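Q: Okay, here's the structure, questions in a sec.
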Ligand code: IPM
Ligand code: MG
C-alpha cells in the first residue's frame with residue numbers, strides 16, 4: 136500500500152523526534168512492502184516564522200488531502216510574546232477543529248522494563264497500569280468565547296464552556312467502542328456536582344450506555360479521578376472525558392508511566408485521516424542536544440498504522456521493536472537508570488528501526 140503523510144515537524148524538539156519516527160516508519164514500510172511518502176507542511180512557530188500565521192491555509196488543505204498527519208510538537212519561549220490569535224497553539228487547535236478530529240486517544244501504559252521509572256510505589260505499579268484516556272478534542276472551553284474586558288478600570292476575563300448533546304454523544308460512543316475492544320470498563324469523568332455541561336454529559340453518557348450492554352459504565356468526578364489515578368490506577372480501563380479535563384488528566388496519567396516522553400496519541404474524526412503526535416510538548420530546555428526521547432513519536436507512528444491505515448501487524452511490529460530495544464537495556468536520559476546503556480535521540484531511532492521484523 137502507498138500512503139501519503141503530511142509531516143509537521145514543529146518547533147524546538149519537534150523536528151528531532153519526527154525524524155526518528157519517520158525513520159522507523161520508512162523501515163517498517165520497507166519490511167512489509169509498503170510505501171510511505173512524507174510531505175513536509177508548516178504549522179506552529181515554524182509557520183509563524185515563514186508566513187506570519189500559525190496555520191497557513193495550504194497546511195490545512197494538505198493535511199485534509201493526505202492519508203494522515205504526523206506531528207512533533209509546537210510552541211516555545213520564542214513565541215510567548217506574540218498576540219494570542221497568532222500563537223503556535225492556535226495552529227494546533229485550528230488543525231484539530233479544521234480536520235474535525237473530535238476524539239483524542241491517549242494510552243497510559245507502563246512498560247514492564249521501565250516500572251522503576253514510575254514515581255509511584257512499586258506495589259501500585261505492580262497492580263498494573265494500562266488504560267486509555269479518550270479526550271473530547273474540539274469542544275468545551277477550548278473553543279468557547281474567550282475575552283478580556285475592562286470594567287471600572289479593572290480587567291475581567293471570560294472563557295465559556297459549552298457542549299451540545301451531539302458533541303457529547305459522538306465522543307462517548309468512541310469511549311464505549313474503545314472500551315469494548317479492551318477490558319470493557321468505561322469510566323466517564325465529569326464535574327456534574329457543579330457544571331451544567333457535566334450534567335448534560337452524564338445524561339447522554341447513561342443514554343448511550345444502553346447501546347453497549349457488554350461494557351460496564353462507571354462515572355467519576357474529575358477531582359476524585361485525579362486522586363484515583365495516583366492512588367489506584369489499576370482500576371481504570373478506558374476513561375472518557377471532556378477537553379480540558381482530558382488535557383489535565385492525560386499529563387498526570389503519562390507521568391505515572393515513568394516519562395511523558397513515552398506516550399503517543401491519536402486524534403481521530405469521522406474519516407480514516409487522523410493526526411498522530413506524542414503528548415509531550417516541544418521541550419525547549421533540552422532541544423537540539425540529541426537527548427529527547429523519540430519513543431512517544433515513534434509509537435504515534437504505530438498508532439497511525441493501526442487506526443488510519445488498518446495495518447495492525449505493522450503497528451505491532453513497531454511496538455515489538457520498542458520493547459526489544461528496552462529489553463536490551465537501551466535508554467534515553469529521561470528513562471535511564473543504573474546498569475542501563477544511555478543513548479541519544481538518533482541512536483534510539485536507529486536501534487528501533489533496526490529491530491523491526493515482519
Ligand atoms: C495537549 C497540549 C495542547 C492542549 C496545547 C499545546 C494547546 O497541552 O495536546 O495536551 O492543551 O490541548
Ligand atoms: Mg496537554
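Numbering (my numbering), first residue to last: 136 to 493. Yeah, the Cβ is synthetic: ideal placement off N, Cα and C, and Gly gets one too. This structure is a prediction, so every number in the text was calculated from the model and none was measured.
1) Could you give the distance in angstroms between the alpha-carbon of residue 178 and the alpha-carbon of residue 468?
2) Can you round the beta-carbon distance between residue 251 and residue 472 to whole angstroms, since I take them to be within the 8 Å contact cut?
3) Looking at the structure shown, is residue 138 part of a helix, part of a strand, or coil, going by DSSP?
4) Check whether the Cβ atoms of residue 437 and residue 445 lie closer than 8 Å to each other.
5) For residue 374, which of 397, 346, 350 and 416 has the nearest alpha-carbon?
6) Could you please give the first and the last residue of the uninterrupted alpha helix (DSSP H) stretch that includes residue 463?
7) Taking buried to mean at least 16 other C-beta atoms within 10 Å of its own C-beta, is residue 341 buried or exposed?
8) Looking at residue 209 and residue 146, is the spacing between their C-beta atoms short of 8 Å?
9) Going by DSSP, what residues sit across from residue 241 in a beta bridge?
10) Quick one, what's near the ligand IPM if you take every residue whose CB is closer than 5 Å to any heavy atom, in chain order?
11) Taking 8 Å as the cut-off, decide whether the C-beta atoms of residue 269 and residue 313 are in contact.
12) Residue 352 by DSSP, collapsed to three states: which one?
13) At a cut-off of 7 Å, would you count residue 146 as near the ligand MG, judging by its Cβ distance to the nearest heavy atom?
14) Run through DSSP, which three-state label would residue 405 get?
15) Any contact between the stretch 272 to 291 and the stretch 363 to 380? By contact I mean 3 or more CB pairs, one from each, below 8 Å.
16) What is the rounded straight-line gap between the Cα of residue 144 and the Cα of residue 153?
17) Grouping DSSP H, G and I as helix and E and B as strand, with all else coil, what is residue 531?
18) What residue range is occupied by the uninterrupted alpha helix (DSSP H) comprising residue 435?
19) Going by DSSP, what residue range makes up the beta strand (DSSP E) through residue 212?
20) Does the Cβ of residue 415 have 16 or more other Cβ atoms within 10 Å, making it buried, or fewer, making it exposed?
A: With the given structure in hand:
1) 28 Å
2) 6 Å
3) strand
4) no
5) Scanning 397, 346, 350 and 416 for the CA closest to the CA of residue 374 turns up 350.
6) Taken as a continuous stretch (DSSP letters only), residue 463 belongs to no alpha helix (DSSP H), as it is neither H nor E.
7) exposed
8) yes
9) 268
10) 224 and 382
11) yes
12) strand
13) No heavy atom of the ligand MG is found nearer than 7 Å to the CB of residue 146.
14) coil
15) yes
16) Answer to the nearest angstrom: the Cα atoms are 6 Å apart.
17) Coverage of the chain is limited to positions 136 through 493, which leaves residue 531 absent and any answer about it impossible.
18) 430 to 442
19) No beta strand (DSSP E) holds residue 212; DSSP gives it neither H nor E.
20) buried
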